[in-house]
Amino acid sequence: MNPNHQSPLEVIHQAMREIVSLHRVTVNQLSELIGVQRETTGQLHGVIDAMREVSALFREMTNTQSKVNDFLNMLSQELRNVAEIDETTRRLLAEFIEQLQQLWPHLEEVTGQLVGFGVLLRQLFREQERANLLVLAEDVARRVPNLFCRHLTQLRWGVPGEFYDEIQGHVPEGALDSWLSADLVVTGVLRQAAEAPPLWIVGWVVPEIDEPAVTSARDRLVALRETFPRVLPALVALRPTDDAGLASSQGVLVIADRVVRNWEEALARWLVHPE
Numbered sequence: 568m569n570p571n572h573q574s575p576l577e578v579i580h581q582a583m584r585e586i587v588s589l590h591r592v593t594v595n596q597l598s599e600l601i602g603v604q605r606e607t608t609g610q611l612h613g614v615i616d617a618m619r620e621v622s623a624l625f626r627e628m629t630n631t632q633s634k635v636n637d638f639l640n641m642l643s644q645e646l647r648n649v650a651e652i653d654e655t656t657r658r659l660l661a662e663f664i665e666q667l668q669q670l671w672p673h674l675e676e677v678t679g680q681l682v683g684f685g686v687l688l689r690q691l692f693r694e695q696e697r698a699n700l701l702v703l704a705e706d707v708a709r710r711v712p713n714l715f716c717r718h719l720t721q722l723r724w725g726v727p728g729e730f731y732d733e734i735q736g737h738v739p740e741g742a743l744d745s746w747l748s749a750d751l752v753v754t755g756v757l758r759q760a761a762e763a764p765p766l767w768i769v770g771w772v773v774p775e776i777d778e779p780a781v782t783s784a785r786d787r788l789v790a791l792r793e794t795f796p797r798v799l800p801a802l803v804a805l806r807p808t809d810d811a812g813l814a815s816s817q818g819v820l821v822i823a824d825r826v827v828r829n830w831e832e833a834l835a836r837w838l839v840h841p842e
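Quick note on our numbering: the sequence shown kicks off at 568 and runs consecutively.
This is the structure in structure tokens:
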């Protein structure tokens with residue numbers, strides 16, 4: 568049989584083989600196309616997601632920028648307010664300085680008057696206290712019998728000068744100043760030692776019981792005791808508070824509130840154990 572002359576059946580088979588071959592090629596191409604399409608779709612999804620993320624970031628940046636702008640506007644307004652307040656403050660301060668300069672001469676005058684008033688008040692206070700001390704001394708002198716009758720008999724009392732002739736032979740000239748500086752002298756015989764010589768009490772009127780007053784009374788008494796041993800110191804106090812016990816520890820009598828304090832302490836210090 569001539570090969571160039573195929574039978575109809577063979578032609579049909581050949582055609583079918585070609586069709587199948589073409590189909591396979593087409594299927595392969597379609598498969599490749601589908602793969603490319605899937606890859607492209609995945610890439611597109613990635614691009615879409617990226618675009619969404621960029622869009623979200625852009626919106627967030629826009630909102631943040633808006634907040635920043637609002638903050639800057641608020642800050643700018645506050646700065647303007649501060650500037651206005653600062654200007655108002657400077658203006659008020661300038662007005663105050665001007666008023667103060669106008670009032671300064673009057674203030675100096677008032678200050679001078681206040682200083683003078685303060686000096687006058689201090690003088691009045693000193694005079695009032697001096698008057699109170701004099702009244703206190705007179706009141707104590709009037710109450711001497713009531714104050715000392717339990718301790719002394721044969722009482723005598725008065726200002727130091729009234730006893731000058733009696734004691735000048737016993738007190739050296741240098742110690743007379745201490746004697747005459749006193750405000751009150753009381754003398755008598757101890758009830759518990761009737762045969763003993765008279766006891767002398769030398770008192771000074773003071774505003775209050777403090778260390779200088781106690782020390783001064785003690786030192787003056789020491790000067791007197793060198794030749795006049797039977798003598799006790801006393802403080803007549805306008806304000807008799809002795810919270811620290813200064814007078815008691817030094818054997819100094821305190822006459823206040825119509826009583827005599829530290830009697831036993833004074834006897835023990837100056838008569839029983841004289842220093």
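All C-beta atoms in this analysis are idealised placements derived from N, C-alpha and C, irrespective of residue type, glycine included.
Between L757 and H718, what straight-line distance do the alpha-carbon atoms span, to the nearest angstrom?
-> Distance between the alpha carbons of L757 and H718 is about 6 Å.
Beta bridge counterpart(s) of P796 as assigned by DSSP | The secondary-structure analysis by DSSP pairs P796 with nothing; it has no beta-bridge partner.
Boundaries (first-last residue) of the beta strand (DSSP E) holding P774 | Segment L766 to E775, the beta strand (DSSP E) holding P774.
Own chain, CB closer than 6 Å to P727, minus 5 neighbours either side, in chain order = Listed in chain order, the non-local C-beta contacts of P727 below 6 Å within the same chain comprise W746, L747, A749 and V752, local neighbours out to five positions each way being set aside.
Starting from V752, follow its DSSP beta bridges and name the residues at the other end.
-> Partner(s): G725 and V769.
The alpha helix (DSSP H) with A814 in it runs from where to where?
-> Per DSSP, A814 belongs to the alpha helix (DSSP H) from L813 to S816.
Reducing DSSP to helix, strand and coil, say where L780 ends up.
-> According to the sequence provided, residue 780 is Ala. The question's Leu does not apply to it. In the structure shown, the three-state DSSP call for A780 is helix.
Compute the Euclidean distance between the alpha carbons of S622 and S633, then round it to the nearest angstrom.
-> In a straight line, the C-alpha of S622 is about 16 Å away from that of S633.
From what residue to what residue does the beta strand (DSSP E) around A823 run?
-> Unbroken beta strand (DSSP E) run through A823: L820 to A823.
Element boundaries [beta strand (DSSP E), containing V826] | It spans V826 to R828 - the beta strand (DSSP E) in which V826 sits, taken as one unbroken run.
Quick one: what's L757 bridged to in DSSP?
-> Note: L757 sits in a beta bridge opposite L719.
State buried or exposed for A698, treating a residue as buried only when at least 16 other CB atoms are found within 10 Å of its CB.
-> Residue burial is scored here from C-beta neighbours: A698 has fewer than 16 other C-beta atoms within 10 angstroms and is therefore classed as exposed.
If L766 and T754 are in contact, beta carbons under 8 Å, what's the gap, nearest whole angstrom?
-> Taking the Cβ atoms as the reference, L766 lies roughly 7 Å from T754, within the contact range of under 8 Å.
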